[in-house]
Each structure stands twice: as C-alpha cells, then as structure tokens.
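Visitor:
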Amino acid sequence: MNVPLGAVIGLSAVLFTLGVVGVLVRRNAIVIFMSIELMLNAANLAFIGFARSLQDLSGQIFVFFVIAVAAAEVAVGLALIVAIYRTRLSIDVDEVASLHG
Amino acid sequence: MFLTQAAGADWFALAPWIIGLPILGLLINILIGHRLGERAIGAIASGAVGLAFVVAVFQYLGLQAEPEVASVLVAEWIRIGQLDVAWSLNIDSLSVTMMLMVTGVSALIHVYAIGYMHDDVRFQGDPGRFRRFFVYFNLFVAAMMILVTADNYLMMFVGWEGVGLCSFLLISFWFEKGADGIGNAMAGKKAFIVNRIGDFGFLIAMFLVFWTYGSLQFEEVFHRAEEMGDAAGGVVSLITLFLLLGVVGKSAQLPLFVWLPDAMAGPTPVSALIHAATMVTAGIYLVARNHVLFELAPASATTVALVGAVTALFAATIAVGQFDIKRVLAYSTISQLGFMVAAVGLGAYVAGMFHLVTHAFFKALLFLGSGSVIQGIEHGHHNLQHSDGHHGNGHFDPQDMRNMGGLRQRMPVTFWVYLVGALALAGIPPLAGFFSKDEILLDASLENTAVYGLLTAAAFLTAFYMGRQVWMVFFGQPRSEAAGQAHESPRLMTVPLMALAGLAVVGGAINWPGVHWLTDWLEHTIEHVHAAELSPQVAGISTGLALVAIAIAWLFYGRRPMMEGQPDPLRRPLGPVFRALENKWWVDELYAAVFIRPYQRLARWLADTVDWAFWHDWFHDRVLAGGFLGGTGWLAWGFDLPVIDGLVNRLAEGLRGAAGRLGRLQTGYVRNYALTLFVGTILVLSYLLMR
Amino acid sequence: MTGDWLIFAALALIAVISAVMMITSRNTVYSALFLVLDFTAIAVFYLLLQAPFIAMVQITVYAGAIMVLFLFVIMLLGVEQAATSPGLPLQAPVAIVLAFALVILLGYGLLQQGDGQGGLAAVLAEGFGSPIAIGDLLFESYLIPFEATSVLLLVAIIGAIFLTARARRQAG
Chain A
1 MNVPLGAVIG
11 LSAVLFTLGV
21 VGVLVRRNAI
31 VIFMSIELML
41 NAANLAFIGF
51 ARSLQDLSGQ
61 IFVFFVIAVA
71 AAEVAVGLAL
81 IVAIYRTRLS
91 IDVDEVASLH
101 G
Chain B
1001 MFLTQAAGAD
1011 WFALAPWIIG
1021 LPILGLLINI
1031 LIGHRLGERA
1041 IGAIASGAVG
1051 LAFVVAVFQY
1061 LGLQAEPEVA
1071 SVLVAEWIRI
1081 GQLDVAWSLN
1091 IDSLSVTMML
1101 MVTGVSALIH
1111 VYAIGYMHDD
1121 VRFQGDPGRF
1131 RRFFVYFNLF
1141 VAAMMILVTA
1151 DNYLMMFVGW
1161 EGVGLCSFLL
1171 ISFWFEKGAD
1181 GIGNAMAGKK
1191 AFIVNRIGDF
1201 GFLIAMFLVF
1211 WTYGSLQFEE
1221 VFHRAEEMGD
1231 AAGGVVSLIT
1241 LFLLLGVVGK
1251 SAQLPLFVWL
1261 PDAMAGPTPV
1271 SALIHAATMV
1281 TAGIYLVARN
1291 HVLFELAPAS
1301 ATTVALVGAV
1311 TALFAATIAV
1321 GQFDIKRVLA
1331 YSTISQLGFM
1341 VAAVGLGAYV
1351 AGMFHLVTHA
1361 FFKALLFLGS
1371 GSVIQGIEHG
1381 HHNLQHSDGH
1391 HGNGHFDPQD
1401 MRNMGGLRQR
1411 MPVTFWVYLV
1421 GALALAGIPP
1431 LAGFFSKDEI
1441 LLDASLENTA
1451 VYGLLTAAAF
1461 LTAFYMGRQV
1471 WMVFFGQPRS
1481 EAAGQAHESP
1491 RLMTVPLMAL
1501 AGLAVVGGAI
1511 NWPGVHWLTD
1521 WLEHTIEHVH
1531 AAELSPQVAG
1541 ISTGLALVAI
1551 AIAWLFYGRR
1561 PMMEGQPDPL
1571 RRPLGPVFRA
1581 LENKWWVDEL
1591 YAAVFIRPYQ
1601 RLARWLADTV
1611 DWAFWHDWFH
1621 DRVLAGGFLG
1631 GTGWLAWGFD
1641 LPVIDGLVNR
1651 LAEGLRGAAG
1661 RLGRLQTGYV
1671 RNYALTLFVG
1681 TILVLSYLLM
1691 R
Chain C
2001 MTGDWLIFAA
2011 LALIAVISAV
2021 MMITSRNTVY
2031 SALFLVLDFT
2041 AIAVFYLLLQ
2051 APFIAMVQIT
2061 VYAGAIMVLF
2071 LFVIMLLGVE
2081 QAATSPGLPL
2091 QAPVAIVLAF
2101 ALVILLGYGL
2111 LQQGDGQGGL
2121 AAVLAEGFGS
2131 PIAIGDLLFE
2141 SYLIPFEATS
2151 VLLLVAIIGA
2161 IFLTARARRQ
2171 AG
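Residue numbers (the numbering used here), protein chains in the order written: chain A, 1 to 101; chain B, 1001 to 1691; chain C, 2001 to 2172.
#1: With a threshold of 7 Å between beta-carbons, can B/L1689 be considered close to chain C, or not?
#2: Taking C-alpha atoms, which residue in A/V8, A/I91, A/V25 lies nearest to A/S53?
#3: I'd like to know if C/V2061 contacts chain A, where contact means its C-beta is closer than 7 Å to some C-beta of that chain.
#4: In its own chain, which residues sit with a C-beta less than 6 Å from the C-beta of B/V1069, not counting the 5 before and 5 after it?
#5: Taking the alpha helix (DSSP H) that B/R1410 falls in, what are its first and last residues?
#6: Determine, for A/G77, whether the minimum Cβ-Cβ distance to residues of chain C falls below 7 Å.
#7: Leaving out five residues on either side along the sequence, give the residues of the same chain with a beta carbon under 8 Å from the beta carbon of A/R26.
#8: Select from B/V1594, B/G1406, B/M1493, B/E1378 the residue whose C-alpha is nearest the C-alpha of B/M1563.
#9: Using 8 Å as the threshold, is the stretch 1074 to 1088 of chain B in touch with the stretch 1036 to 1056 of chain B, meaning 3 or more CB pairs across them?
#10: Using a Cβ cut-off of 7 Å, pull out every chain B residue sitting near C/A2101, in sequence order please.
#11: Going by C-alpha to C-alpha distance, which of B/G1663, B/L1547, B/L1446, B/T1456 sits closest to B/A1422?
#12: CA-CA distance, B/D1199 and B/S1088?
#13: In whole angstroms, what is the alpha-carbon distance linking B/R1650 and B/G1626?
#14: Please return the same chain residues whose Cβ sits closer than 7 Å to the Cβ of A/G112, not counting the five positions on each side in sequence.
#15: Between B/L1365 and B/G1508, what straight-line distance do the alpha-carbon atoms span, to the nearest angstrom?
#16: Pairing CB atoms from the stretch 1258 to 1277 of chain B with CB atoms from the stretch 1169 to 1183 of chain B, are three or more of them under 8 Å?
#17: Name the chain B residues that come within less than 7 Å of C/L2088, Cβ to Cβ?
#18: Measuring only between beta-carbons, confirm whether A/L24 sits less than 7 Å from chain B.
#19: Using a Cβ-Cβ cut-off of 6 Å (strictly less than) and excluding sequence neighbours within five positions of B/G1266, which residues of its own chain qualify?
#20: Would you say C/G2159 faces chain B, with C-beta separation under 7 Å as the test?
#21: Taking A/L89 as the reference, give the member of C/L2076, C/L2006, C/A2063 with the closest Cα.
#22: Skipping 5 residues on each side, what residues in its chain have a beta carbon closer than 7 Å to that of C/Y2046?
#23: Can you name, in chain order, every residue of its own chain whose Cβ lies under 7 Å from the Cβ of B/N1152, other than the five neighbours on each side?
#24: So within the stretch 2018 to 2074 of chain C, which uninterrupted alpha helix (DSSP H) runs reach at least 4 residues, ignoring any that extend past its ends?
#25: Helix, strand or coil, according to DSSP, for B/R1664 in the structure here?
#26: When the Cα atoms are used, what is the spatial distance from B/I1428 to B/F1434?
#27: Taking all protein chains shown into account, do 16 or more other C-beta atoms lie within 10 angstroms of the C-beta of B/N1511, making it buried, or fewer, making it exposed?
#28: With a CB to CB cut of under 6 Å and the five nearest residues on each side skipped, what residues in its chain are close to B/F1692?
#29: Based on DSSP bridge pairs, tell me the residues matched to B/L1083.
#30: Straight-line CA distance for B/I1682 to C/V2020?
#31: Considering only their Cβ atoms, is the gap separating B/G1345 from B/A1301 smaller than 7 Å?
#32: Can you look up B/G1392 in the DSSP assignment and give me helix, strand or coil?
#33: Ends of the alpha helix (DSSP H) at B/Y1220?
#34: State the Cα-Cα distance for the pair B/F1130 and B/L1492, rounded to the nearest angstrom.
#35: Is DSSP giving B/D1608 helix, strand or coil here?
#36: If distances are taken between C-alpha atoms only, which option among B/V1670, B/R1691, B/H1382, B/L1024 comes closest to B/E1481?
See below:
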C-alpha cells in the first residue's frame, strides 16, 4: 500500500482522539477500559507505520511488547473492576468520588 | 644680729611651714580633736599659728641678711603652653610685713577665742561645735598665708577665694540661728555673693594681664609692664579698674560694702580677725603689690583714691547712727579701710600699709573688747534668768548699746583697753593710730585736696562716734538689769586684750617721722616710696578736730549720760538725717529693689515660665513626648496594625480563599482528572509544536 | 496509486466508524464487538504495512484473548445500567472541543514534518516483518525486555487471582 506516511499517522491520530473522547465521556468503567485499548492500538498503528517507513524492525518489536503489556494490564484491570463491583455493585466511575476536596 | 650671722642658715627653706603649720593644726583637730578637751584643741590651734608667727620672724631675719626677694618653690602646678604657674612663695618685705601682722594678731585672737568660744558655745547650746571653730580658724590663717606669699596672680586668687570661703564658713558658724532661724546663714550667703562680684573683677583683671603680658608671675608682669609702658594702651587702665573691683568687694568699699555689717553675725573673734585685721586688708595688699600697674594708670589710681575717700566718709556717717556695738565697729572698719584704699590710691603705699598694721592692732582690740562686753552682758542676763526665775522680756539683745551703760565699774580691764583702742582709732597722739592716719592725711594733702577734705571729715566723725560709743557703753548708770549684773571676762580673754592694747600704744614706732623704719623696709619691694616730712599743720588740724569731736560727743553723751528708755540725744537735733544714718542710708533696701527683687523675678520667670511651662510642659511633654507617642502610636495602630498586619492577614485570607477555590478542583471524579490531564497534554503539545 | 488510496480509505473508514460506534453504544456488548471489528481492521492495516507477524499477534492476543476477557467480564457484571447520578455537565462538551484541538494539533505537527508527504513505496528487505526477522531481533537485541515481559505477565496473573479471590473465612 503506497500511501503517504502522513495518512497512516493521521488515521492513528484520529483513532487516538476517539479513544481519548471515549475515556472522558463514558461513565462505564469497562467502556473506558476499551477506549484505552483503542488508544493503545492507535499508537501501535503509528509505530508500524514508522517501522515500514524507516525500514526499522524495532517499531514492530515495540508493538509486540505493547500488546503483551496490554494483555497483562487488561487482566489486572478487569480483576480490579470485578473486585470493585463486588463491593459497590456498580461500575459507574462517577460513583467512586469520595476523595473529593 | 648674731642670728643673721649664723652661717649657712637658710631661713627661707622654712617658709612653706608658714602655711603648713596651720594646716597641720587643723588636721590634728579634725582627726583626733573630738578626743581632746577644749583646752587642748585651743592650744593646738593657737600653737600652730604661734609657730607660724615664729617662722614669719625667721623670714624677717632672713631678709635682713639679704634684703632682696627670696623665692621658695613648693610645687609645680600648671604648665600649658605659654601658661606656667607654679606654687612658689614670694618672700619680700611687703609679704613679710603681712605675714608678721597676720600671724601675730591671729595668735592673740586664737588665745582670746579659747575663752570666748567656751562661753559662746554654751550660750548657743552646742558645746560640740568648739572644735569646728578652731578648724575653720586655722584654715583661714592658712588661706591668708597662701594669699600673702603668692608670687603669681593665680596663686593669690587661690588664697583670695580661700579666705572668702573661710569668711563664709565662720560668719554662718551658727547657721541655724539668727533672724527667723536663717539670719546667720543669709549673712554668710550675702558676704559670699557680694564678694563674688569682686572676685569677678579680679578674674577679668587676671585674664587681661595674661592676655597683655603673656604671664601671670608678678615679677615678669611688672617687668614687661614697665617696658611696654604706654604701648599697652588702655589695657593697663582696664586691668587696674578691674582690680579695683576686686578690692571694692574684698575690702568692703562703696558700693560693695554691704556684706561687712551683716558679717557681724559671726562670733566676735571672727569679726576681729577676719573682718577687721586680716581678710579685708587683702584688697589693700593687692593694690600695693600691683603698684607698678597703678603707677602706669594714674587715672585708675585716682579713681581708687576717690572710692576710698568717699567710702571713708560715707561709712563714718552711718557709724554715728548705729546702736549695735559691733555694727559701729563694722562701719568704722569700712571707713578705715577707705582710708587705706585712698592712701594706696594716691601712691602712698607705705602710709597705707602702716595704717593697715596699726589698724589691725586697735581694731582687733576694739572688737575683742566688744566681745568681752557682750559676754559680760550675756553673763549678767543669764544670771538674771536663773536667779529670779523671771525670764527676760522677750527679745533681749546683748549687743545693743542702749542696754549697756556703767560698765566702767563692773568691767574695769575691758574699759581701759577699750579706751586705749578708741583713742588710737580716733587718732590721738602718741598712740599708733595718730601716726598712721596722720601720714595718710599728709600724703593726701600733698596729692589730692578733695581726698584730703573727705578724709579729714571722716576722721572728725571717727573720733565723734568712738566717743559716743565709749560714753554710752561704759559711763553713766546701767540701763538694763543685765548690765547691772555684768562681770569681768576671764584672764584667757583679758590678757590678749592687754597685749593688743600695748601694741596699739607703741605700734606707731614702726614708722615714726624721722625714723621711717617701715618706709625703708618697704622700699626694697616698692621702689618709689618717699618719706614725707611731718607737717605740724596737718597733724595739728587732725588732732584738733579729733579733740573737738570728742568734746562734742561728751556734750551729748558724757555730760548727761543716757537713761534707760531715753532716745538718742542726737535724734532731735539731726532729725530726719539721724533716721537716715540709723537706717544706713537705706543702701540695702536700694539694692534689694534695684537688683535683688528684679533678679528674683527673673529667676522665677525663667524657672516657672521658661523652664517649667515652656521647656517641660510644652516642649518635652507635648512636643517631644507627645510627638513621640503620637508617632509610635501611629506606627503601631495606624501603620503596623492595618497595613502590615492587614497585609499578612489579607495574604492569609487570599490564600484561604484560593485554597478553597482550588479545592473545588478536586471533585473526586476520575473523569475530571482525566480531562485535566488531557488539557495539560494539549497545552504541552501545542507549546512543543509551536516552537 | 489510487487503488492503494481506495483500500486505505475503506479500511480507515471502517476503523473510525467502528471506533465511534464503540464509544457511543449504549450496550456494552455491542461496544466490545465493535472494538473487535476495529481491531480486525487495524490488523489488516498491519498486514498491508508489511507487519504480518504483528498482525497475527494482534488478532490472536488482542481480538482473541483480550476482547474475550472483556466479554467475560461484561457478562459477569451485567450490562449497562441506567445512570443514577446526574453526571458532570461540562465534561462532554469540553472533551469534544479539546479533542478537536488535539486533532488539529496533531495534524499541524504532521504537516510540519516533511516526511509525511513521502510515500511508502520503498524497496523492503526480504522477510521484513516476518517471524524470523522479528525473532532474530527479539532474542538478540531485546532479550531482556522479553524476559521482563514474561515476569510482568506472571505478576499480572498473580495479581488478577489475588484481586478477585473471595475472602474465605468470612462466612460463619
């Protein structure tokens, strides 16, 4: 695919932004989490694009690691959400606001 | 004569003892006097002065061998730049004359005072004060010796002030007694203050001398004065006039004589020694010593003579109207001092010194005699009070001549010596007073007719008032019971009286016309002395006038002696004049009105208005303190509290408000925090990209 | 050339739309599924960008494992509930505005760099992106990160178990 690198990066940017919006707007913890994954993916896409452009495989290695870490993170994060749900019976992030000033 | 041949004998080395012996005497009395008896204290004091007299005799003998000046250094004193003042004793004929006279008469008066003060401290009620008297007396002799032996103006001034101090201490010896309980203290204060005016004159003269001649040593000053002569211009006149002011103060001339009559508040030996024989003569000695300067300023010399002559007559008139026995003698002293001042003013230094010496003899005699009379009256009064149990009629004045009378029979020794003294003072030959007074009149007749006239009139009055006094006191019947009870004084008092009477008789031998022994003696110091020949005319006039005066006095007071309660026979003939004489021509009242009361008003104004109301109340309290308090008050309340505290407080308020407001950022919502993060990211990104 | 653009545009569209759908979907399961679609689209992108291994890893791990885990938890916890509290008023508008700002910024940054213009038609080395090449690099240069990642995964496992373990002795 011979598109300018800029297009790939632009797409990455848009996806990233969408992920950010999702984190900020949604109240469901799981959806927020999924938005975070979307952000990660957008970053991965950028990495791959650069690897292709600069012909350096390091980019792809990096994506490899990102995916691995994302997996670990999701595991722990979801475990946390489950644990929270057990006590609060809700996964609305706006509910956990007792540390306010 | 053999004494002068004593090889190597240096009499002059003993000279400092003439000051040292009285000092030693007073130190012994101060330190251990309270353990000794009255006799011992008196003996120590008198012995000290007696030995000083012996030392003076030695100085005389020393000068016989080498008649020129001898100078004995005692101590270095001031040495600053051009000013080199050392304490050196100047032994020359003039100072030795004074030394002999002062120590001799002082010794006799000291002995007299032992007896006198013994009774006096008991009459006044404080026996413990006996010792103090003799300490002061010795101190006086020491100060007078310093004055007389000084070889420079400053040292003389030390002695001058010293005798002034002792005069004050002794006048107010009974400081808690006198009119209203402070009369004696007031008299002492008056003496001191009036003398201060004279001292001021002396000081200014001293400054001028130093400024003109660059030295304070008599020798150097006189030497340079003669060299410069008229080149110094009017300064010499100024110097001599200021010296005259000093003389007027110390020797009680017009217009500063007012302290001497009040000084009679002191015990009688004090009046005799200080205010008749010695201290008051310091003025005449000053003029004699400075004869070189006075010769260079003839106008000042004439002024001196006139002041002396006018004073002589003025004081003599007042003496006629006085009733206090000591007051008569006080005014007489002023008058005789006038004679002496007139003499030295005319250039007749020998005549002045001659009269100074003889006057010391008979005036001291008269004063001591009056003391004897007064004590006799006091004893009589005392006996009365104790015997009959009737306590006298309120205020009995033992010194009032109207309370005396007929004492010739009751106190014969006193009478005879007093008579001798009175005749000597009146100038009856061949007593001492005749020769000395006559020499002054002779010189006056040759030099200045006005002065001669004034002095002759004064001599006439002198004889008159002495006659009045003698008849009033000793003749007739006692006018009070106290006088009737009087008895003679003890030998301790009468023996010195007799000694002085002897001196009053033969004292004229010092300078008999033709022999002129004193003239020759003083010529060594005062160069231009001339021995005037005795003029029978002048002598005859003066003696004749004296006899006429005595006769008139007999007419008034002797023929029909005064009775008790009778007014003075002179009152009717003289009328208002007598009242003026009795009130001393109201001089004190004049001074009070012209000087003293305005001065007191000024002082009160300065104290109350200027110092208290202005300085203290307004300036210190309102301006300084009030301003300070206002200022600090503003700083504390107006500045520190609202501004600085306010600043800090507002800062805290602001912080609290900001904290409160910022606290609201912590909503507790994770999404908000995420949004904040996002905002920050955008900002950083935009900054990085825009760079 | 246009063929490339066409493919790119189509894939991009799918990715973006599925992302939007994921965000805005009320049903959590639908969100998850849309995300899976998104991941797949991205995996295709990887393939097209000469990263075959990574593409497979993406599908296997991300879409296969991670999303399955998501779905498990969604099922476990129940679906979206109705919002109980009013929510934050300014949050959404501000977020969207700032998102636009971000996009603009990133676009601006992109245009700044000249590289964005160039194409990707360079001749690649043989086996670029193949498992062999990845493996070579991974076990030679990046061995330590690799081992560290394995430890991380172990920790994650323990953590997940620990966090979700019920307190045993509580009942009774």
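C-beta: ideal position from N, C-alpha, C; glycine also.
Being a predicted model, the structure only gives us computed values, none of them experimental.
Guide: Quick answer:
#1: Nearest CB-CB separation between B/L1689 and chain C: below the 7 Å threshold.
#2: Put simply, of A/V8, A/I91, A/V25 the residue whose alpha carbon is nearest the alpha carbon of A/S53 is A/V8.
#3: yes
#4: D1092
#5: Taken as a continuous stretch (DSSP letters only), the alpha helix (DSSP H) holding B/R1410 covers 1407 to 1410.
#6: It does not: the Cβ of A/G77 has no partner Cβ on chain C nearer than 7 Å.
#7: Excluding residues up to 5 positions away in sequence, I32, S35 lie with their Cβ nearer than 8 Å to the Cβ of A/R26 in the same chain.
#8: B/G1406
#9: no
#10: I1682
#11: B/L1547
#12: 22 Å
#13: Each residue's Cα considered, the two are about 32 Å apart.
#14: The requested residue 112 of chain A does not occur in the structure, where chain A is confined to residues 1 to 101.
#15: 15 Å
#16: yes
#17: Y1669, R1671, N1672
#18: For A/L24, at least one C-beta of chain B is nearer than 7 Å to its own C-beta.
#19: Hits under 6 Å: L1170, I1171, F1173.
#20: no
#21: Answer by Cα proximity: C/L2076.
#22: I2054, A2055, Q2058
#23: V1085, L1216, Q1217, F1218
#24: Counting only runs of 4 or more, we get 2028 to 2048, 2052 to 2057.
#25: coil
#26: 5 Å
#27: buried
#28: Summary: the structure shown does not reach residue 1692 of chain B, with chain B confined to residues 1001 through 1691, and so no result is reported for it.
#29: B/I1080
#30: 21 Å
#31: A contact, by the Cβ cut-off of 7 Å.
#32: At B/G1392, the pLDDT of 47 sits below 50, so the modelled position is not reliable and the matter cannot be decided from this model.
#33: Looking at the sequence itself, residue 1220 of chain B is Glu, so the reference to Tyr does not match. Run containing B/E1220: 1218 to 1228, per the alpha helix (DSSP H) assignment.
#34: So the two alpha carbons sit approximately 16 Å from each other.
#35: If DSSP states are grouped into helix, strand and coil, B/D1608 belongs with the helices.
#36: The residue with the shortest Cα to Cα distance from B/E1481 is B/H1382.
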